[in-house]
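**Q** Following this message is one structure expressed as structure tokens.
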Amino acid sequence: MASVTPLSASVEQQLTSALSATLPEATDVDPLLRRSDRADYQVNGILALAKKAKSNPRELATQVVAGITTGDVIQDVEVSGPGFLNITLADRAITENLAARYADGDRLGVAPKAEPGVTVIDYAQPNVAKEMHVGHLRSAVIGDALRGMLDFTGEKTIGRHHIGDWGTQFGMLIQYLMEHPGELAPPSEVDGQEAMSNLNRVYKASRALFDADDDFKERARKRVVALQSGDKETLELWQQFVDESKVYFYSVFEKLDMEIRDDEIVGESAYNDGMPETARLLEEMGVAVRSEGALVVFFDDIRGKDDQPVPLIVQKADGGFGYAASDLTAIRNRVQDLHATTLLYVVDVRQSLHFKMVFETARRAGWLGDDVTAHNMGYGTVLGADGKPFKTREGETVRLEDLLDEAVQRAAEVVREKAQDLTEDEIQERAGQVGIGAVKYADLSTSPNRDYKFDLDQMVSLNGDTSVYLQYAYARIQSILRKAGDVRPAAHPELELHAAERALGLHLDAFGDTVFEAAAEYAPHKVAAYLYQLASLYTTFYDKCPVLKAETSAQVENRLFLCDLTARTLHRGMALLGIRTPERL
Ligand code: ARG
1033 MASVTPLSAS
1043 VEQQLTSALS
1053 ATLPEATDVD
1063 PLLRRSDRAD
1073 YQVNGILALA
1083 KKAKSNPREL
1093 ATQVVAGITT
1103 GDVIQDVEVS
1113 GPGFLNITLA
1123 DRAITENLAA
1133 RYADGDRLGV
1143 APKAEPGVTV
1153 IDYAQPNVAK
1163 EMHVGHLRSA
1173 VIGDALRGML
1183 DFTGEKTIGR
1193 HHIGDWGTQF
1203 GMLIQYLMEH
1213 PGELAPPSEV
1223 DGQEAMSNLN
1233 RVYKASRALF
1243 DADDDFKERA
1253 RKRVVALQSG
1263 DKETLELWQQ
1273 FVDESKVYFY
1283 SVFEKLDMEI
1293 RDDEIVGESA
1303 YNDGMPETAR
1313 LLEEMGVAVR
1323 SEGALVVFFD
1333 DIRGKDDQPV
1343 PLIVQKADGG
1353 FGYAASDLTA
1363 IRNRVQDLHA
1373 TTLLYVVDVR
1383 QSLHFKMVFE
1393 TARRAGWLGD
1403 DVTAHNMGYG
1413 TVLGADGKPF
1423 KTREGETVRL
1433 EDLLDEAVQR
1443 AAEVVREKAQ
1453 DLTEDEIQER
1463 AGQVGIGAVK
1473 YADLSTSPNR
1483 DYKFDLDQMV
1493 SLNGDTSVYL
1503 QYAYARIQSI
1513 LRKAGDVRPA
1523 AHPELELHAA
1533 ERALGLHLDA
1543 FGDTVFEAAA
1553 EYAPHKVAAY
1563 LYQLASLYTT
1573 FYDKCPVLKA
1583 ETSAQVENRL
1593 FLCDLTARTL
1603 HRGMALLGIR
1613 TPERL
């Protein structure tokens, strides 16, 4: 693994030392290096610096220019306007940098961080015996992308799928199953859809009985107690619900082309044994207090109607533990046993108050120390094309699989229309990659905390900021590389570069910086924006610079090399987001 210093970093280093030679009192200087149309980089931090030092910006800029040695990396630097610098890099430096990235395989010259932390990431957390909805889609898609990005930076990630597999509703379900055995088929005998329809049927029937029959209600209530006290027969039936649900979850995750590990499915029930201790410790420490029989935590700054404090309920008056108790117990486990330095939760923004209270409680209890960061990456709502929360025409929540199936179907139309040399099987395979990619990309390319419209027409459009556009860019490059036959891509640092080649090259150089920044900010949309721009710069390059018909054979090889590095970077970036890049489209 050979790490490659980004050109921007070399330039920045030279600039900073020239600046501090000129203005020794200016420490901690950010020269503000930007990519620009007029030069390779433009520096516009000098104005502000001059203001601070009460000196003339143009003079300061001229002095800085005098302090920079042009040569291997910086070919030319000039003052432009009052206090701006335009910097042009040497062609050779650009091509050599890219060649070193090209030689580094799929890390593209980007070194992982030297001192990685441990991030426990809580994402893709559906609920047992319930259908998954679009909210669960977002958590899965965003969580998977964040994990890919963090892994790339060298961070150690541990997934936790905090599925809803515990609670009073199981009393009703289990009691019903006890009285109507055989309603759930053995997990090995059903596919995802059958599993869900069995679960739905049992849910509806038990609910109806629960509402209509007081005796059943009472038996269901007793069943909750039996479940909580670990009664063997009750637990076995509970396990059947969990297993049947997992068949369904896995079928959806497979459709989403997402790998979920069984040992990372650690639901609410896993913390059951630790909850009484969590409550006891909180009460002993005085973090939680008894109020009307319940054990609760109060916060000065969290108040509801009439300025009444809104507490976090750790234990209900009837002795039952709920959602907060399992999350608090999970924190103890994640910090103490998994040694997390960061706890990341990819959960709907509507739960942000819950997490605020849970984190604050854990801090007061000392379970979250100063050395551990906790963050809820709250995401917004998925809206229909009409801008209202996504519903079917009948006003019901949309089934996740229907939505994915429809995306794949639309993608098939797009692929078929463009397909030249694809068989029907290949078209179907590509349709899956394009359709699921479209759904993921639409989600990831907007800032996660914003709502976004689920608009299939837009998502599978070939023009614009879509995954299909990026996938086509990738496939087109592969087709060029195939056409090149025996001519192999090779870097030629001696060649002069076209403006479109420099622009593409400098953007390729910025891949690592972009991923590190996006990972640190939990901002997958920054990776998406980078990739979209990469494809756009490639398109301009391809328009302006003939590849296979370039003038000299050295130029053909060098341009093929730019094509190939672009393709690899696209492939890697898309993979971080969980999106496939088919070789042919
Ligand atoms: N299962 C929950 C839901 O569907 C999400 C769980 C989020 N994770 C957590 N640690 N609370 O709303």
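Taking this note's numbering, the leading residue of the sequence shown gets 1033, the next gets one more, and so forth.
Cβ atoms here follow ideal geometry from the backbone N, Cα and C, with glycine treated the same way.
Source: prediction; values computed, not measured.
1) Between residue 1159 and ligand 1, is there a pair consisting of the residue's CB and a ligand heavy atom that are separated by less than 7 Å?
2) Going by the beta-carbon positions, is the gap between residue 1170 and residue 1153 smaller than 8 Å?
3) Extract the residue ranges of the alpha helix (DSSP H) inside the stretch 1247 to 1333, only unbroken runs of 4 or more that lie entirely within it.
4) Between residue 1430 and the rest of its own chain, which residues show a CB-CB distance below 8 Å, the 5 nearest in sequence each way excluded?
5) Please go through the same chain and pick out, in chain order, the residues whose beta-carbon is closer than 6 Å to the beta-carbon of residue 1287, but skip the five residues on each side of it.
6) So, residue 1452 versus residue 1614, is the Cβ gap smaller than 8 Å?
7) What is the C-beta distance between residue 1016 and residue 1519, in whole angstroms, given that I count them as a contact (C-beta under 8 Å)?
8) Does DSSP put residue 1141 in a helix, a strand or coil?
9) Cβ of residue 1224 within 8 Å of Cβ of residue 1142?
10) So, do the stretch 1324 to 1344 and the stretch 1369 to 1381 have three or more beta carbon pairs nearer to each other than 8 Å?
11) Pull up the distance between the alpha-carbon of residue 1073 and that of residue 1106, whole angstroms please.
12) Rounding to the nearest angstrom, what Cα-Cα distance links residue 1250 and residue 1243 in this structure?
13) Taking C-alpha atoms, which residue in 1188, 1162, 1044 lies nearest to residue 1109?
14) Identify whether residue 1398 lies in helix, strand or coil by the three-state DSSP scheme.
15) Measure the Cβ-Cβ separation of residue 1336 and residue 1329 and say whether it is below 8 Å.
16) Shortest alpha-carbon distance to residue 1443 belongs to which of 1487, 1406, 1407, 1149?
17) Measure the beta-carbon distance from residue 1620 to residue 1192 and round it to whole angstroms, keeping in mind my assumption that it falls under 8 Å.
18) Which two residues bound the contiguous alpha helix (DSSP H) that contains residue 1236?
19) In its own chain, which residues sit with a C-beta less than 6 Å from the C-beta of residue 1204, not counting the 5 before and 5 after it?
20) From what residue to what residue does the alpha helix (DSSP H) around residue 1603 run?
21) Across the stretch 1599 to 1615 and the stretch 1507 to 1521, are there enough close Cβ pairs to call them in contact, namely three or more that are closer than 8 Å?
22) How about residue 1554: is its Cβ closer than 7 Å to a heavy atom in ligand 1?
23) Taking 8 Å as the cut-off, does the stretch 1454 to 1464 touch the stretch 1380 to 1387 (at least 3 CB pairs, one atom from each stretch)?
24) Please determine whether the Cβ atom of residue 1303 lies at a distance below 7 Å from any heavy atom of ligand 1.
25) Tell me, to the nearest whole angstrom, how far the beta carbon of residue 1346 is from that of residue 1397; I am working on the premise that it is less than 8 Å.
26) In this structure, what does DSSP give as the bridge partners for residue 1423?
27) Just reading off the beta strand (DSSP E) that residue 1073 is part of, what are its end residues?
28) Output the boundary residues of the alpha helix (DSSP H) element that contains residue 1110.
29) Between which two residues does the beta strand (DSSP E) containing residue 1190 stretch?
30) Whose C-beta lies closer than 8 Å to the C-beta of residue 1416 among residues of the same chain, with five residues either side of it excluded?
31) Taking only the alpha-carbon atoms, compute the straight-line gap between residue 1052 and residue 1172 and give it to the nearest angstrom.
**A** In brief:
1) yes
2) no
3) 1264 to 1287, 1307 to 1317
4) 1165, 1166, 1422, 1423, 1424
5) 1436
6) no
7) The structure shown does not extend to residue 1016, since the chain is modelled only from 1033 to 1617, so the question has no answer here.
8) coil
9) no
10) no
11) 10 Å
12) 11 Å
13) 1044
14) coil
15) no
16) 1487
17) Lying outside 1033 to 1617, the shown extent of the chain, residue 1620 is not represented and no answer is given.
18) 1224 to 1244
19) 1238, 1242, 1252
20) 1585 to 1608
21) yes
22) no
23) no
24) no
25) Contact doesn't hold; Cβ gap of about 11 Å is too wide.
26) 1429
27) 1073 to 1075
28) Note, residue 1110: premise wrong, no alpha helix (DSSP H); beta strand (DSSP E) at 1106 to 1112.
29) 1188 to 1192
30) 1422, 1423, 1485, 1486
31) 47 Å
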